[in-house]
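There are 2 protein chains.
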Amino acid sequence: MTASTNQTNVVPERTVLSVDAMGGDHGPAAIVAGISRSVKANPDLYFILHGPQERLSKLVAKRKQLVGRVEIRDAKDVVTMDDKPSHVVRHGKSTSMWSALESVKQGEAQGCVSCGNTGALMALSVMRLRKLPGVNRPAIAILWPSRNPTGFNVMLDVGADIKADEHDLLQYALMGVSYARNGMGLERPRVGLLNVGTEEHKGRAELKLAHELIAAQADNSSFEFVGFVEGGDIPGNACDVIITDGFTGNIALKTGEGTASLIGDLLKEAFKYSPLSRLASLLAVTSLQRLKKRIDPRRVNGGVFLGLNGTVVKSHGSSDATGISAAIGLAVQLAQSQFTQKIAARVASVTPMTQDDSTGVKAD
Amino acid sequence: MTASTNQTNVVPERTVLSVDAMGGDHGPAAIVAGISRSVKANPDLYFILHGPQERLSKLVAKRKQLVGRVEIRDAKDVVTMDDKPSHVVRHGKSTSMWSALESVKQGEAQGCVSCGNTGALMALSVMRLRKLPGVNRPAIAILWPSRNPTGFNVMLDVGADIKADEHDLLQYALMGVSYARNGMGLERPRVGLLNVGTEEHKGRAELKLAHELIAAQADNSSFEFVGFVEGGDIPGNACDVIITDGFTGNIALKTGEGTASLIGDLLKEAFKYSPLSRLASLLAVTSLQRLKKRIDPRRVNGGVFLGLNGTVVKSHGSSDATGISAAIGLAVQLAQSQFTQKIAARVASVTPMTQDDSTGVKAD
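These protein sequence lines are chains A and B, in that order.
Okay, so the first sequence: first residue is 1 according to the numbering used here, each after it adds one.
Okay, so the second sequence: first residue is 365 according to the numbering used here, each after it adds one.
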């Protein structure tokens, strides 16, 4: 008993993350730079880094603060953005992505971070880590800049699957609430169900059924259900957690990103128009940087895979060191909060199960 | 024959629009101001204005340029934003919205403009004007600020219906092409089908089927099919016409609007932060106005109802005079291009029909 207690105390002090060094647009140099930045901010971090040994060794050797903190696992192949998930599942054993998930599966690391192909990462994660008991469809959750006091909303699913029935949507709500509580510190998150109108008679059949299921769980699971919300509420402050199927969520996410990017470019153009506007842009530079920081996607970089036996954070393919470091920070926070165990307990508490819940972790 | 030719020449010179004066957030004063602005720009315009006679007479009397151009039709009731479409269809005969559509049905006006409840306006339009032969689901098309040379993309459906099968999506493509050609002057519009990825194996079953149907019609109907596009392409320049079901389109539209609005507010905040940034904002005022004008939703105000026997333009509920005037301009352009007849011919050309196509208008 004493040994066991000691072990429980020791583990959280030494957080080990498994990082896929390959598959991002900027190559392994950006990943190593991101790891290095994370270690500066959090000296209790250790890494298992997956990719071509020789190349990674050289990159790691250049960073003094990484000495003794990074173990490299040789993986000669890379999952590309064009690889089909089904192909990777069958033939991807020699890839850095597979190897990175393996470290989580074997319990060597408390979480995995990858910038690679989202579809392949999800397919491999489901195959290697397996879904949590009671979870039908895992989901990808992201943080979205919003008018909320925290500055962000959680939205899921943004693309793990293209469909979701009412039971899936209920599970998304439960998993999203756990995420908002453990990842954003919200005690009693407000949950909204994405629809084309807020009236209860509107929308698809599965949304009306999901409305009932989610409403019925609100008190039990300590969240507030605000009912249907609309697209405009995604960047709004009507709720903290937005529930939708992966098709709609993916389109909404990319539409929002594309709109923000268009406005950013038009803003730059507008400031280049005349000598006076160029002068204005010089004076406005700190204001614009403040705005940019507020909605900088790198600050909230990381789609979290929910519903699996293990924490997996998908960093944006175009992530630089700042983005990678943010994704690592998120993985650390989730790993240290025993997030996976809490989601498992939460899902188990509302899913009729034959076996006993033996996680011993309070649902949260 | 001579008389008929004369008539054809006369009709376009005198364009009559039917305008619902009620149901907008700013009341009939904004509508009358918008009409007045339109007349200044286009002295060949005449209006039938629907709403409470006494109130409208006073508003119209204040504007000299409207003398002899506006006929008022008394309608004592108003469709509110909260009215259920099914209720309006059954009990809405005394409303200004119903009356406004009636003028189009009776052939007194070449198009209808309303700021009212979208669902009710669509339901009433379908009931009173009827769908074009061969059209299963009418659609709402909007213009979206984009990186295209024209500055805008067409997207449909953005909320007429919550579902669409592959045949509906094909019809949306044909109707959207007609709109891009007649409303935006694009000879050979590029059409994209909205999905969660651009690979042909991705997405829902009906999208794969629609991909085949639309591709097969591209040459016949003189458009270019670029295949699947993603949310980021809505404000992009991959295509000119974006095809999707009304559920997804509505969520995307509102997400984009909400994101733009959040960025606008954060931009204002950023410029208020310090004395220096306030000075910068003074210098930048013309640059920012240029940007605002570029993405000002009022400039492209108007969702066009496609697939009906008549032109109906839905102006935004919060439209001011500028917005109303833009919606009227759009209705005029579509009415003068014999848009409805062209869509009817286009749909008929690819829809197996029992009766002969007797519109005599070239598909466009």
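Every residue, glycine too, gets a C-beta built ideally from N, C-alpha and C.
These numbers were taken from a predicted model, which means no experiment stands behind them.
In this structure, how does DSSP classify valine 555 of chain B when only helix, strand and coil are distinguished?
strand
Does DSSP put alanine 582 of chain B in a helix, in a strand, or in coil?
coil
Identified DSSP bridge partners for glutamate 410 of chain B
Looking at the sequence itself, residue 410 of chain B is tyrosine, so the reference to glutamate does not match. Answer is B/Val380.
Starting from the C-beta of glutamate 551 of chain B, find all residues in its chain whose C-beta is less than 8 Å away, skip the five residues before and the five after it, and write them out in chain order.
Arg545, Ser586
Return the bridge partner residues of methionine 519 of chain B from the DSSP annotation.
B/Ile506, B/Ile606
Can you check which of these residues, A/Asp44, A/Asp265, A/Val241, A/Ile263, is closest to serine 372 of chain A by C-alpha distance?
Residue 372 of chain A lies beyond the stretch modelled for chain A, which goes from 1 to 364, so this question has no answer here.
Output yes if chain A places a C-beta closer than 8 Å to the C-beta of tyrosine 543 of chain B; else output no.
no
Give the interface partners of valine 560 of chain B over in chain A, defined as CB-CB distance under 8 Å, in chain order.
Gly159, Ile162, Gly246, Phe247, Asn250, Ile251
How should histidine 50 of chain A be labelled, buried or exposed, when 16 other C-beta atoms within 10 angstroms of its C-beta is the threshold for buried?
buried
Any residues in the stretch 405 to 423 of chain B with a beta carbon nearer than 8 Å to a beta carbon of chain A? Which ones, in chain order?
none
Counted within 10 angstroms of its Cβ, other Cβ atoms place glutamine 366 of chain A as buried (16 or more) or exposed
Because residue 366 of chain A is not part of the residues shown, which for chain A are 1 to 364, the question remains open.
In chain B, which residues lie with their C-beta within 9 Å of the C-beta of glutamate 257 of chain A?
Gly595, Gly596, Thr623
C-alpha distance - alanine 709 of chain B paired with glycine 674 of chain B, whole-angstrom precision
14 Å
Within a Cβ cutoff of 8 Å, which residues of the same chain sit near asparagine 220 of chain A, ignoring the five residues on either side of it in sequence?
Ser349, Val350
Quick one: is phenylalanine 635 of chain B near chain A, going by C-beta distance under 8 Å?
yes
Report buried or exposed for lysine 457 of chain B, applying the criterion of at least 16 other Cβ atoms within 10 angstroms of its Cβ.
exposed
Residues of chain A with CB under 9 Å from arginine 568 of chain B, in chain order?
Ile162, Lys163, Phe247
Should proline 235 of chain A be flagged as near chain B, meaning a C-beta pair shorter than 8 Å?
yes
Taking 8 Å as the CB-CB cut-off, is proline 149 of chain A touching chain B?
no
Within the 8 Å Cβ cut-off, does arginine 37 of chain A reach chain B?
no
Considering only C-alpha positions, which residue in the set B/Val711, B/Ala695, B/Gly681, B/Ile692 is nearest to aspartate 389 of chain B?
B/Gly681
Please name the residues in the stretch 63 to 91 of chain A whose beta-carbon is closer than 9 Å to at least one beta-carbon of chain B, in chain order.
Asp82, Lys84
If we define contact as Cβ-Cβ less than 8 Å, is isoleucine 504 of chain B a contact residue for chain A?
no
Aspartate 438 of chain B (DSSP reduced to helix, strand or coil):
strand
Enumerate in chain order the residues of its own chain whose CB-to-CB distance from cysteine 112 of chain A is below 6 Å, with the five nearest sequence positions on each side excluded.
Ser18, Ala100, Leu101, Val104, Val312
C-alpha gap between threonine 379 of chain B and tyrosine 410 of chain B, whole angstroms:
6 Å
Between the CA atoms of proline 497 of chain B and glutamate 418 of chain B - distance to the nearest angstrom:
40 Å
Looking at chain A, is there any beta carbon in it that lies within less than 8 Å of the beta carbon of proline 509 of chain B?
yes
How would you list, in chain order, the residues of chain B whose beta-carbon sits under 8 Å from the beta-carbon of arginine 290 of chain A?
Ala634, Tyr637
Please tell me whether leucine 267 of chain A has its Cβ less than 8 Å away from any Cβ of chain B.
yes
Determine, for serine 318 of chain A, whether the minimum Cβ-Cβ distance to residues of chain B falls below 8 Å.
no
Per DSSP, what kind of secondary structure is aspartate 721 of chain B in: helix, strand or coil?
Confidence is the limiting factor: at aspartate 721 of chain B the pLDDT is only 42, short of 50, which leaves the residue's position unreliable and the question unanswerable from this model.
Measure the C-alpha to C-alpha separation of valine 711 of chain B and phenylalanine 516 of chain B and round it to an integer number of angstroms.
24 Å
Alpha carbon to alpha carbon, what distance is there between methionine 461 of chain B and threonine 718 of chain B?
Annotation note: pLDDT 37 at threonine 718 of chain B (below 50); position unreliable, coordinate value reported separately. Answer to the nearest angstrom: the Cα atoms are 34 Å apart.
Nearest-angstrom Cα distance between aspartate 384 of chain B and proline 449 of chain B?
16 Å
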